[in-house]
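Numbering (this note's numbering), first residue to last: 2 to 451.
Note that the Cβ used here is the ideal one computed from N, Cα and C, for glycine as well.
Written out below as structure tokens is the structure these notes cover.
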Amino acid sequence: MNRVYIKTYGCQMNERDSEAVAMKLRNRGYVMVDSESDADIILLNTCSVRDQAEQKAIGKAGHIASRMRKNPQFVLGIMGCMAQNRGQDLLDRLPDLDLIVGTQKFHLVPDHLDSIVTALKARGPKPSTVIDLESEAGSEDTIREHIPEKIKATAYVSIMQGCNMLCTYCIVPKTRGRERYRPMESIIQEIQSLAASGVKEITLLGQIVNNYGIGKIKSVNGKTPFVQLLEKINDVKGIERIRFTSPHPRGFRRDLIEAYRDLPKLCEMIHLPMQSGSDRILRAMKRPYTNASYRRLMDEVRNMVPGMYFSTDVIVGFSGETDEDFEATRKLFEDGQFDMGYIFKYSVRSTTFAAENMADDVPEEVKEERNQTLLKILGKSSLARNKSLIGSTQEVLVEAPARRGENQMMGRTRGHRKTIFPGKPDLIGKMARVTIEKATVSILTGTQAP
Ligand code: 5AD
Ligand code: SF4
């Protein structure tokens with residue numbers, strides 16, 4: 002009774018949390034399996050950012066629970082954001098749950114499973130559900146482990162937890178708590194050890210990475226703690242590329258812009274959530290910037306790094322969004338010439354400021370129409386950018402065999418454009434120089450330059 006399957010919903014942070022939990026479980030003697038049907042313990046690591054994500058996980062858990070009734074030795078747990086958000090209430094919908102673990106208690110999953118498994122083995126009455134949702138000082142420094150066989154060219158590294166912003170639509174401050182930063186030395190140690198295992202590219206993760214260390218670590222020569230961290234990572238031997246997600250437009254200061262000029266390993270790609278282009282809606286969202294200041298920031302960055310790639314998040318159909326508001330978003334989205342973008346239809350999250358004080362008054366069809374409008378613009382701008390790369394030679398970090406096509410490898414350019422070219426698996430984890438011959442909205446294809 003020790004085979005565990007973890008299913009992950011949501012963002013990269015959740016992927017990273019699941020990976021660390023998996024490794025902690027392995028170190029405790031559990032066997033991680035890749036398919037649900039091979040497991041006797043299933044853990045769902047959940048997302049609450051939109052209603053759809055929660056409904057998906059609840060549906061899945063309901064399905065698994067019906068299987069459990071036939072096998073009382075089976076264990077089902079829910080961890081992460083939805084566990085934190087709904088807590089005890091989950092038991093009303095899913096009375097068979099064995100475990101509910103919040104976002105500051107991932108590191109205790111092995112302890113909790115040990116106690117559940119011991120009780121089940123004793124074949125006494127079914128143990129009551131373990132619920133662990135407290136906050137815990139220092140928990141931000143517990144997401145550190147990586148699974149050795151899965152260590153390839155690229156790795157995620159969590160640098161902080163939580164969010165202190167008050168965006169009115171967002172559940173994250175409730176599910177992830179206040180901002181807490183890992184010590185810099187601990188992050189660097191993790192990255193050094195990844196580099197020693199062959200990792201070439203690091204993506205730093207946090208809700209607002211550019212807030213890293215604020216109020217805890219002093220600025221030095223005008224450099225914020227986040228930029229100091231980037232400088233230290235830039236010095237780690239073996240690491241060739243640095244990325245991060247997500248920064249907030251508010252704290253994106255001059256020192257960070259200059260880092261793109263000064264740190265050769267920092268890849269010229271920024272995910273810069275915009276959410277809306279209407280000042281009125283930005284105010285209603287409590288996003289502390291304007292259409293003009295967001296544009297100014299993009300311009301400043303592009304002046305420093307002319308070829309910069311941009312990606313963004315937009316919410317359409319937020320409370321009170323008129324045609325005029327959407328037009329401001331549409332225009333900013335078009336003018337921004339984004340290479341990548343994630344567009345979301347506003348989803349009310351109960352207990353948020355917006356849920357309690359503003360109406361969800363944009364009809365679903367209008368949200369969908371606005372979504373489609375932005376997707377079309379994105380398709381055009383990313384295709385134009387990709388086409389402009391035809392004939393150029395790009396540095397590609399090779400990640401894996403391509404999904405389709407024999408002897409085809411897949412990697413990414415510094416701008417994070419997926420690139421496919423003929424090559425052998427011994428290239429995985431190495432840099433290749435690829436001359437681009439064809440481009441679609443999302444894929445570049447080419448051949449290795451001589
Ligand atoms: N509805 C729709 N999208 C949301 N996001 C966050 N909260 C909501 C919500 N209630 C989006 C934001 C954020 C991304 C991770 O999810 O765009 O940047
Ligand atoms: Fe949510 Fe805003 Fe924090 Fe991002 S910055 S996690 S959108 S509250």
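Excluding five sequence positions before and after Glu141, the CB atoms of its chain that fall closer than 7 Å to its own CB belong to Met161, Gln162, Arg181, Tyr182 and Arg183, given in chain order. At least one heavy atom of the ligand 5AD lies closer than 7 Å to the C-beta of Asp314. The beta carbon of Asn86 is closer than 7 Å to those of Ser49, Ile172, Lys175 and Thr176 in its chain, skipping five residues each way along the sequence. By the neighbour-count criterion, in which 16 or more other beta carbons inside 10 Å mark a residue as buried, Gln373 falls on the exposed side. In the displayed model, Gly342 falls within a strand according to three-state DSSP. For Val228, the distance from the CB to the nearest heavy atom of the ligand SF4 is not below 7 Å. With a 10 Å radius around the Cβ and a threshold of 16 neighbouring Cβ atoms, Ser393 comes out exposed.
The ligand 5AD has no heavy atom closer than 7 Å to the beta-carbon of Arg371. By the criterion of at least three beta-carbon pairs nearer than 8 Å, the region 3 to 19 is in contact with the region 34 to 41. Judged by DSSP in its simplified three-state form, Gly380 adopts helix. Under the three-state reduction of DSSP output, Asp314 falls in the strand class. Around the beta-carbon of Thr119, fewer than 16 other beta-carbon atoms lie within 10 Å, marking it exposed. If you look at Asn165, you'll find it isn't in any alpha helix (DSSP H); DSSP assigns it neither H nor E. Rounded to whole angstroms, the gap between the alpha carbons of Glu438 and Val237 is 34 Å. Distance from the CA atom of Tyr261 to the CA atom of Leu267, rounded to whole angstroms, is 6 Å.
Contact between the region 13 to 28 and the region 49 to 63 is not established, with fewer than three Cβ pairs separated by less than 8 Å. When secondary structure is reduced to three states using DSSP, Glu322 falls in the coil class, being assigned neither helix nor strand.
With contacts defined as CB atoms closer than 8 Å, Gly321 and Asp263 fail to qualify as a contacting pair. Between Gln208 and the set Ile243, Pro248, Ser312 and Asp326, the nearest pair of CA atoms involves Pro248. In the assembly as shown, Ile192 is a buried residue. Its beta-carbon has 16 or more other beta-carbons within 10 Å. In this structure, the ligand SF4 has a non-hydrogen atom nearer than 7 Å to the beta-carbon of Val173. Between Ile429 and Ala401, the C-beta spacing is below 8 Å. Between the region 210 to 219 and the region 252 to 261 there are three or more C-beta pairs closer than 8 Å, enough to call the two in contact. Cβ-Cβ distances below 6 Å link Leu26 to Val5 and Pro111 in the same chain, with the five nearest sequence neighbours on each side left out; the list follows chain order. In this structure, Ile209 has its beta carbon less than 7 Å from a heavy atom of the ligand SF4.
DSSP assignment within the region 200 to 276 yields the following whole beta strand (DSSP E) runs of 3 residues or more, N-terminal first: 202 to 206, 242 to 246 and 270 to 272.
Between the alpha carbons of Glu407 and Ile271 lies a gap of roughly 33 Å. Here Leu77 is not near Ala58, since their CB atoms are 8 Å or more apart.
Between Phe319 and Ile282, the C-beta gap is smaller than 8 Å, which places the two residues in contact.
Under the DSSP assignment, Asn46 falls in the beta strand (DSSP E) whose first and last residues are Ile42 to Thr47.
Comparing alpha-carbon positions, the option among Asp93, Asp133, Leu121 and Phe422 lying closest to Gln105 turns out to be Asp133.
Straight-line spacing of the CA atoms in Phe422 and Arg434 works out to 10 Å. Per DSSP, the continuous beta strand (DSSP E) segment holding Arg413 begins and ends at Gln409 to Arg413.
Looking at the DSSP output, Ile7 sits in a beta bridge with Leu44.
Counting the other CB atoms within 10 Å of its CB gives Pro226 a total of 16 or more, which places it among the buried residues.
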